[in-house]
Amino acid sequence: METSITSFSHPEIAGSGNRLPVPPNASLVAMIAVGIVLRDITLECSQQDAQYHAFDFLQMTVTIVDAIGEKREPRPLVWLERTSKTSWKYHDSIEWNPNISEVALVVRSEKTGDFGHLTLTKETVKAASQDDSSKYQVIQYKMDITTSDTPLIWVKFTVSTANSSSSHHNPENVCLDANLGKHYHSLGETSRRRFYQTKNLADLNDAIENLQKAIETVPKGDPDTIAILGTLGISLLARFQLRGDLADISQAIEHQLHAVRLTSEDHPGLLDRLTILAMSFKHRFEQTNNLSDVLSAIDHQRKAIGLIPQAHPNLPLELEKLGSFFWSCFQRTRSISDISEAIEYQQKAVEITSGDHPDLARRLHILSTLFKQRFDAHPRYLSDVSYAIEHQQRAVLLTSEGNPTLPSQLEVLGNLFWTRFQQTGDLPNLFDALKQHQQIILLTPEGHPDLPRRLNNIGSTFAFLFQRTSDITYISSAIEHQEKAILLAPEDHVSLPFWLNSLGSSFTHRSTQTRDLADVSSAVKYQQRACSLTPEGHPILPSYLNNLGTSLRVRFEYTGDLDDLSDAIEHQKVMVSRLPEGHFHSASQLHNLGNYLFRRFEQTSDVADCREAITNYHLATRQTASHFSDRLTAAKSWVDCSRKLQDHAETLEAYGHIIGLLSEFASLDRTIQNRYTNLVDVSKNTAEAVAFALTTGSANAALEWLEQGRCIVWTQLNLLRTPVDTLRLHDKQLANQFLTVSKALEASGSRPDPFGKSVVDKKNVDHDLITDQVHAHAKLAQEREELLAQIRNIPEFTDFLRPLKAPSILSQLPEDGPVIIINVHPERCEALALLYGADEPLHIPLNNFSYVQAEVLRRELRGHLASEGLRMRSDRAGRVRPKSKISFLRQTLRELWIGVVQPILESLGYSSPPAHRKRIWWCPTGPLVFLPIHAAGILSTKTTKAGPCLSDFVVSSYIPTITTLLEKISNAGKLNLEQPKNNLFLLSQPNALPHFPISGTTTETQTVLKRMEDPDIGAVLLEGEDGTLDKVTEQMKSHGWIHFATHASQNTNEPLQSGFYIQGGQLTVDEIIRQQLVSTEFAYLSACETSVGDEKLSEEVVHLAAGMLAAGYQGVVATMWAIKDHYAPVIAEDFYGYLLQAKHDRGARRLDSRIAAYALDDAIQRLKAKLGDDEAALLIWVPYIHLGL
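The opening position of the sequence shown corresponds to residue 130 in my numbering, with each subsequent residue numbered one higher.
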């Protein structure tokens, strides 16, 4: 039967809200054998309006009044589980025995407080049970609350009556019915609630035991199963957090997974179960480091977020948690995609967090940290530091002055500015870092334990400002703050040695400007104290010893006291001996020791010191765990020291290490542009090494070094792909593993150098952290060496990252003619002739030519071309000009003949022009790269007849490296003239903006197109607006031959951004290379400056024509300067005419790129016969060159 009781009352409802539900708590009072039990107690809201949201997270207490009118202790306040939008369930049951007079229920909302109460009397409940014919009779009571202006709340429950014949003396018998699982569930809930109040582990153990029994006894399909599983999972999770027992978290996950699978998609509790399950997987990942766990956490958290409405106030928090899961994944994988996902979700959390939300500052700080961590892992993402600064600045602005976290927030911001300064060298960043540290000092009261550290940090910042500006006021400010830090620091402070060392370094820096002996003596005093306070074996001690040695060496320079220098040497020796094997600063410190010894040798002439210095330099170059630049610097010092002793063998070995290091430097998977940028300062060492090798008669070494060291990127990149890319085609996993370890090793060695520098002390010096970093770096170095050995065990990769040896080069030379490498160095100029069948290179001294002469010719030629307007292809550039009184180009070709070409031809045995001219391949270096060697000769004048010219003897081509030529020779064997027709793609851009029109391109391409009316050759022309970037690159993929008639330009700051101007943009060298073209045979570049490289990178041959060779083309026609628009069609027509005639004569079905050099020579000779060889004519036909096979 059903009865309504209207004894609910409630206060005014204040506000409303909706939060994610939490798992319910419930209790169970053991049921007696005789009496009534109220079960399935449910509260329902009868009105479908917004106010019922105020009752979310309803709670209820139960108070029992016994028959004599005394109240028992109320049951603990418990949460009600929200089962739908308008209903809540109380998981406890209420036992009503004959001794109970009444039961009072008090309901409350977390938002509004006590909501109302309901009293059930014994008489009312007994009156409701009229039929006792069955053991349990179900009676429903519904209580209607009808207070005005509030939703109607109904309480529904089930009343069970027990038959008096039941065995009430044995409660366990009663529990043998279908409700046994519910009883254990309630017992478990009671113990769990008690645990949260007492924090007693025994209560939690009882809860888990009873909940496990509940799972075992609850009938299959019982609706309470899901709640029991969820509660058990949460309880096991809580015990895991207390004990760390892996079995607990694994069982928690098992039960939570089961609960999620049983929960319907539209159940309001699914969201909460998914988020708890995700967090459980995250906890297990933190203990096991098993990647699948964090991936499962991510998967379930994503599903949870999919259930949250966009406007829900908890969405930012859940997005933040998902971001943290990706961050954990990143910590395991170091994959940029993982940290990027973490950033993405944290950004979303920030974006939907209101401006006045108390968590916004914290979320901004986390986002800043994520950007910084992505930068730390992948320093190429420099913009990440700027993003980190931007978000941290917002976090600081949102943090009030009274907030105790403000100083630490400012410290993070200051460190970010410092990081950006380290990467960019931009001084404003250092000033911004200083501002943050100054504000931190203002916010730190006297006596604060962090004040000394913060004073040292601002002092270190001032010290770096001095190093950049040489403004003595900065270093004096540094000393002032650091001295105060020392005065305030307790004698036993763990960071005191660090601060003493920093102060000493500052005194040393100031002494370098003031030359004040008192300053450097103070430095020695403080650094000696720092060393004495640092325990033996501490990983920072070598750095302190190094700085002390530096100060002693500086004092020696002031006083000339050899005792100071000898003390510096002894300290440095101790420091080096204490560096663990594989330390990333081993090379720099061995190099310092060598410098001290060499300095003493200069004072005493003791050869033993010089020999010991060489030993340390040598050891430094072999420290594979150290940074490339430290090893290279040591190798250079090794050369200087060896040459001082006139030890040629030692010097050759030192130069060999320099060249090897240059090769290694270019071997990692950096961006191509970064390779070139970093090679500006190091590639010039090759010419010096080669000059010395030839001085000592080591021609083979000179050849190897020229090939390995001058075009480093070309040599290391097969088609401008790194050796790692080639390995990846064979074994992707091994290649990626080697690349990951190499980059990690490089990043590990790029930490701020504590040796000889004042570094910011972010926290107290951490002995374990430094030790861990050192060991981690050493482990990476060892792992890289092991991987390198593994790779070199593969038959195809025995020479992986090793230079090409001279015998291998000489055995693959072309039969058609010699290869000439010309080394130009300030000390001497000479050539190496590589001849087919020869066992070693032929050394040809160029005694009548010099580096200065080559540089003057290069500079004057560039100026001459500029004065002639020959920078862009145009008839404007070719307009008639007054003839120069000085025939500059004629003189240049004469000097090249006399100083360079003639001695080479004589050494090769060319005494007179042959009946059939052979090929010759030129591989110039230095300033010669920019000079027209191919046109060298004695030209006629008004008073003299023409003399010999290079073209009388040979047909010239250029190559950037020997490896390039060898590769083209190998590929030529794959060309078959009887294969199906080859196709020609023509591009004409007569009006490519922003340049003036070049109408000759239309004539040129139409002329060539008409020439290609051959059944075996298909030609496609894109002209004007049709020549878009997409269409051009698409045609390049399907045509073996290309002909570009357009403007082009060289970008000297970023050579790989040089390119061809086409419709709507520019086709750059970088873009062409990245296309990874397959169908490539020949490229005709009828543009301007297509073979002019970057003057700063002459040894790298960075220009458009070289880029086409890099993209895979067998040969290229290019120009050294702008061509005359009027004559370009003439050259092109004659070039293709020669090829077509040869095709016809040979009965072939395609054009032959192997005779393209002869075709260009024929076209030039025809034009030369028409125009002659006066200065104006030379400017027209000299710039055309052939590159490649």
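By construction, the Cβ of each residue, glycine as well, lies at the ideal position given by its N, Cα and C atoms.
Over the uninterrupted beta strand (DSSP E) stretch that includes residue i, give me the two end residues.
i	result
H1172	1170 to 1174
G1317	1313 to 1317
N952	948 to 953
C660	Here C660 belongs to no beta strand (DSSP E); instead the alpha helix (DSSP H) covers 646 to 662.
Q1195	1194 to 1197
G1244	1244 to 1248
I1049	1047 to 1053
A1212	1211 to 1215
DSSP state of residue i, grouped into three classes?
i	result
C304	Its pLDDT being 40, under 50, C304 is placed unreliably by the model, and nothing is read from it.
R1032	Per the sequence shown, residue 1032 should be read as Pro rather than Arg. The answer is helix: DSSP assigns P1032 an H, G or I state.
H972	strand
R211	strand
R931	coil
G1153	helix
L617	helix
V623	coil
Y805	Unreliable placement is indicated for Y805, whose pLDDT of 49 sits below 50; no coordinate value is reported for it.
Just the Cα atoms here: how many angstroms apart are residue i and residue j?
i	j	result
P533	L333	36 Å
A659	L629	6 Å
D467	R461	10 Å
I608	L632	6 Å
T744	A1286	51 Å
F1017	W1250	15 Å
N1243	L1318	Per the sequence presented here, residue 1243 reads as Gln, with Asn not at that position. If you take the alpha carbons of Q1243 and L1318, they lie about 6 Å apart.
F454	S715	37 Å
L856	G711	26 Å
K886	Q565	The predicted position of K886 is uncertain, since its pLDDT is 44 and thus under 50; a value taken from the coordinates is nonetheless stated next. Cα to Cα, K886 sits roughly 21 Å from Q565.
L1316	I1062	13 Å
I1127	Y784	50 Å
I1314	R503	47 Å
Following the continuous alpha helix (DSSP H) through residue i, name the residue where it begins and the one where it ends.
i	result
K349	Counting along the chain, K349 falls outside any alpha helix (DSSP H), and DSSP gives it neither H nor E.
W547	535 to 553
N814	814 to 824
R1283	Neither: R1283 is in no alpha helix (DSSP H) and is coded neither H nor E.
S469	465 to 480
G1241	Looking at the DSSP string, G1241 is not in any alpha helix (DSSP H), and its letter there is neither H nor E.
Taking residue i as the reference, give the member of the options with the closest Cα.
i	options	result
E620	P581, F636, F591	P581
A233	Y1039, Y725, L167	L167
H1273	E1163, L309, P1144, G531	P1144
L662	V623, A652, V649, D696	V623
N419	S457, W1310, E989, T927	S457
T643	I465, Y687, L674	Y687
Y219	E231, S230, T171	T171
Y1190	G1153, I1062, P1042, S766	G1153
L340	L496, H314, R857, D600	H314
M408	L424, H638, H396	L424
E480	Q502, L511, P442, R503	P442
D93	G317, I344, I357	Outside the shown range of the chain (130 to 1318) lies residue 93, about which nothing can therefore be said.
Q596	H638, G576, F627, H577	H638
Does any C-beta atom of chain B lie closer than 7 Å to the C-beta of residue i?
i	result
A822	Protein chain content of the structure displayed is limited to a single chain, and chain B is not contained in it.
Whether or not the region 523 to 537 and the region 501 to 510 are in contact is what I'm after, with contact meaning three or more pairs of Cβ atoms, one per stretch, closer than 8 Å; do they touch?
Verdict: no, contact absent.
Taking one C-beta from the region 369 to 377 and one from the region 350 to 359 each time, how about it: are there three or more such pairs within less than 8 Å?
In short, these stretches do not touch, since the Cβ pair count stays below three.
Between the region 1260 to 1278 and the region 1139 to 1153, do at least 3 Cβ pairs fall closer than 8 Å?
Verdict: yes, contact present.
Under 8 Å, with one C-beta from each stretch per pair, do the region 1163 to 1177 and the region 1202 to 1211 reach the 3-pair mark?
Output reads yes: the region 1202 to 1211 touches the region 1163 to 1177.
On the three-pair Cβ rule with 8 Å, is the region 1052 to 1059 touching the region 941 to 960?
Inter-segment contact for the region 1052 to 1059 and the region 941 to 960 is present: three or more beta-carbon pairs are separated by less than 8 Å.
Taking three-plus beta-carbon pairs below 8 Å as touching, is the region 961 to 968 in contact with the region 986 to 997?
No: the two stretches stay apart, fewer than three of their Cβ pairs being nearer than 8 Å.
Specify whether the region 1055 to 1069 and the region 1021 to 1039 touch according to this definition: at least 3 beta carbon pairs, one from each stretch, less than 8 Å apart.
Segments in contact, yes.
Segment contact, 8 Å Cβ cut-off, at least three pairs: the region 919 to 927 with the region 749 to 762:
They do not touch, by the three-pair rule.
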